[in-house]
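Going line by line, the protein sequences match chains A and B.
Numbering of the first sequence is given in the working numbering, commencing with residue 410 and proceeding in unit increments.
Numbering of the second sequence is given in the working numbering, commencing with residue 191 and proceeding in unit increments.
This report refers to the structure that appears directly beneath it.
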Amino acid sequence: MKKALSEFKKHVMTGISFMIPVVVAGGILQAIGVAVYGTGISQMEGETLMWYVWKCGNLGMSLVVPVICAAIAYSIADRPAIAPGLILGFVCTYINAGFIGGIAAAFLVGYFILLLKKYLKVPKAMQGLMPVLIIPLLSTLVCGFLFFTVLGKPIAALIAAIVEALTNMQGGSKFTLGAILGALCGVDFGGPMSKTASTFANGLLVDGVAGPEAVKLVCCMVPSVGLAISALLGRKKYTRVERDSIKSAFVMGICMITEGCIPLAMNDPLRVIGSSVIATTITGGVTYALGIENYVTAGGWFIIPLSNKPLLMAAMVLMGGVIMGVILTLWKKPVKDEDETGGIDIEGAADVEITLENL
Amino acid sequence: MKIVGVSACSAGIAHTYIVQEKLEQAAKAMGHACKIETQGSIGVENQLTAEEIAAADAVLLAVDIKVNGMERFKGKPTVKVSTEVATKNPVGLLKSLEKALAEKKQ
Chain A
410 MKKALSEFKK
420 HVMTGISFMI
430 PVVVAGGILQ
440 AIGVAVYGTG
450 ISQMEGETLM
460 WYVWKCGNLG
470 MSLVVPVICA
480 AIAYSIADRP
490 AIAPGLILGF
500 VCTYINAGFI
510 GGIAAAFLVG
520 YFILLLKKYL
530 KVPKAMQGLM
540 PVLIIPLLST
550 LVCGFLFFTV
560 LGKPIAALIA
570 AIVEALTNMQ
580 GGSKFTLGAI
590 LGALCGVDFG
600 GPMSKTASTF
610 ANGLLVDGVA
620 GPEAVKLVCC
630 MVPSVGLAIS
640 ALLGRKKYTR
650 VERDSIKSAF
660 VMGICMITEG
670 CIPLAMNDPL
680 RVIGSSVIAT
690 TITGGVTYAL
700 GIENYVTAGG
710 WFIIPLSNKP
720 LLMAAMVLMG
730 GVIMGVILTL
740 WKKPVKDEDE
750 TGGIDIEGAA
760 DVEITLENL
Chain B
191 MKIVGVSACS
201 AGIAHTYIVQ
211 EKLEQAAKAM
221 GHACKIETQG
231 SIGVENQLTA
241 EEIAAADAVL
251 LAVDIKVNGM
261 ERFKGKPTVK
271 VSTEVATKNP
281 VGLLKSLEKA
291 LAEKKQ
């Protein structure tokens, strides 16, 4: 069970790793167009050169589901799964089964191809036809047909229901959703929890809801700002090495790479993670409740101007940073002399459970 | 002990390289030779050569996603962990690897 879950995660993560650059390039170009001319840009073909920029982004975004679908299928069944995965992804876009549909389709395609590889025996002379003709044709036919007729509709209905529920959400429930998303982003600085929140937000973005994305962006930027503020407020509470790490964490944070905070969190998990979660929970809730949206999935401070409410969004990052910085500074203990030495502790390291196998 | 390995995380921009640094530092402190190939979103860096792989006692994979070039490690004693494990406790990981290899030899 545990193995199956980690396999599942590996496939989805592979998909996401291929998808991210597409979303970033597409999302940013689209957002630039919208930032200059508003949403009316879609109707401005021939009127402005900016339309080309927007359209590149727009076409890029339409590739997101095909790419994640193909990449997950590739992770499961290797190269022959790429072509059917791309096509199935387009089927999902076409029937509005979106992001979730794309992931489901990828698993269907991937495992279907694994079955074909295992059970479909062809004469040796025809083996060359397997990857170029038989597998792509059969898997696209069967899976595509299944998605159009049976599987696609319930998924499309589910997506429509989620999108509607989110769009109709008001005040308190908006705050709660934002707070949960925010907390997930603040708890492990780019680790599995953050990636879960991120996947949720990216998925909704692909389906046209951009509020959760703004929550994700803001709350991923909060921890590095919070640490920097805390280091300014309480210099004596950090070792020299830690202050150096905070500097690089801050610079990484500008680009929305939260992982720079991890070394600090590992030195003092309770206080660093605690203050971070408190700050991102509050900030996430407020960000979503204020209706801040962003159509870009990554880019840190540089994409704040592309939000629908850039000033508010910047204020949210600062607010979260101040909350975390103040709490952390008050909570943290001053550094003792022996903390300064640091280094790698070889004796004290706990064993890790591993299995050694010959490939 | 000579170790070669691959690190790859889902975004391919941060953990991949943190793991490389942590493992190489830990290995150095423990007196092992260690080279970790990174398969980030920029592509493969610090690529392992066929000689290095042939000379290695063990292969250490700290990966969250599908990585390329697995066929290179055919027949090698291999350990696979998540990037999280390798970031949190690189020394413990190497110690456990040492133990597992020693047990295997007996």
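Here a beta-carbon is modelled for each residue, glycine too, at the ideal position from N, C-alpha and C.
Quick check on residue i - is its C-beta less than 8 angstroms from some C-beta in chain B?
i, result
"residue 423 of chain A", "yes"
"residue 622 of chain A", "no"
"residue 758 of chain A", "yes"
"residue 766 of chain A", "yes"
"residue 695 of chain A", "no"
"residue 651 of chain A", "no"
"residue 631 of chain A", "no"
"residue 625 of chain A", "no"
"residue 761 of chain A", "yes"
"residue 666 of chain A", "yes"
"residue 732 of chain A", "no"
"residue 755 of chain A", "yes"
"residue 419 of chain A", "yes"
Under the rule that 16 or more other beta-carbon atoms within 10 Å means buried, what is residue i, buried or exposed?
i, result
"residue 711 of chain A", "exposed"
"residue 663 of chain A", "exposed"
"residue 698 of chain A", "buried"
"residue 252 of chain B", "buried"
"residue 254 of chain B", "buried"
"residue 690 of chain A", "buried"
"residue 545 of chain A", "buried"
"residue 660 of chain A", "exposed"
"residue 704 of chain A", "buried"
"residue 296 of chain B", "exposed"
"residue 757 of chain A", "exposed"
"residue 279 of chain B", "buried"
"residue 647 of chain A", "buried"
"residue 297 of chain B", "Outside the modelled stretch of chain B, which goes from 191 to 296, sits residue 297 of chain B, for which no answer is possible."
"residue 611 of chain A", "buried"
"residue 445 of chain A", "exposed"
"residue 722 of chain A", "buried"
What did DSSP end up calling residue i once you bin it into helix, strand or coil?
i, result
"residue 199 of chain B", "coil"
"residue 464 of chain A", "helix"
"residue 583 of chain A", "helix"
"residue 530 of chain A", "coil"
"residue 271 of chain B", "strand"
"residue 578 of chain A", "coil"
"residue 497 of chain A", "helix"
"residue 454 of chain A", "coil"
"residue 536 of chain A", "coil"
"residue 298 of chain B", "Any answer about residue 298 of chain B is impossible in this case: the structure gives chain B only from 191 up to 296."
"residue 441 of chain A", "helix"
"residue 410 of chain A", "coil"
"residue 279 of chain B", "coil"
"residue 504 of chain A", "coil"
"residue 598 of chain A", "coil"
"residue 472 of chain A", "coil"
"residue 435 of chain A", "helix"
"residue 618 of chain A", "coil"
"residue 447 of chain A", "coil"
Any Cβ of chain A within less than 8 angstroms of the Cβ of residue i?
i, result
"residue 242 of chain B", "no"
"residue 226 of chain B", "no"
"residue 193 of chain B", "no"
"residue 245 of chain B", "no"
"residue 286 of chain B", "yes"
"residue 235 of chain B", "no"
"residue 197 of chain B", "no"
"residue 258 of chain B", "no"
"residue 264 of chain B", "yes"
"residue 292 of chain B", "no"
"residue 268 of chain B", "yes"
"residue 277 of chain B", "yes"
"residue 238 of chain B", "no"
"residue 255 of chain B", "yes"
(message) Please list, in chain order, the residues of the region 594 to 618 of chain A that have any C-beta partner in chain B closer than 8 angstroms.
(response) 599, 600, 601 and 604
(message) By the 7 angstroms beta-carbon criterion, what residues does the region 201 to 221 of chain B contribute toward chain A?
(response) 201, 202, 203, 204, 205, 208, 215, 216, 219 and 220
(message) Counting only Cβ-Cβ distances shorter than 9 angstroms, please list the residues of the region 565 to 585 of chain A near chain B, keeping chain order.
(response) none
(request) Select from the region 425 to 439 of chain A all residues with a C-beta closer than 8 angstroms to any C-beta belonging to chain B, and list them in chain order. (result) 425, 426, 429 and 430
(message) As an exercise, report each continuous beta strand (DSSP E) stretch of at least 3 residues that is fully enclosed by the region 192 to 268 of chain B, in chain order.
(response) 192 to 198, 223 to 230, 233 to 235 and 248 to 253
(message) As an exercise, report each continuous alpha helix (DSSP H) stretch of at least 4 residues that is fully enclosed by the region 631 to 694 of chain A, in chain order.
(response) 649 to 663 and 671 to 676
(message) I'd like the ranges of any alpha helix (DSSP H) spanning at least 4 consecutive residues and lying wholly in the region 695 to 768 of chain A.
(response) 719 to 740
(message) Using a Cβ-Cβ cutoff of 8 angstroms, what residues of the region 456 to 484 of chain A are near chain B? List them in chain order.
(response) 483 and 484
(message) What are the residues in the region 709 to 725 of chain A lying within 8 angstroms of chain B by C-beta distance?
(response) none
(message) For the region 669 to 695 of chain A, list every residue whose C-beta sits within 8 angstroms of some C-beta in chain B, in sequence order.
(response) 669, 671 and 675
(request) May I ask you to list, following chain order, the residues of the region 513 to 529 of chain A that have a beta carbon less than 8 angstroms from some beta carbon of chain B? (result) none
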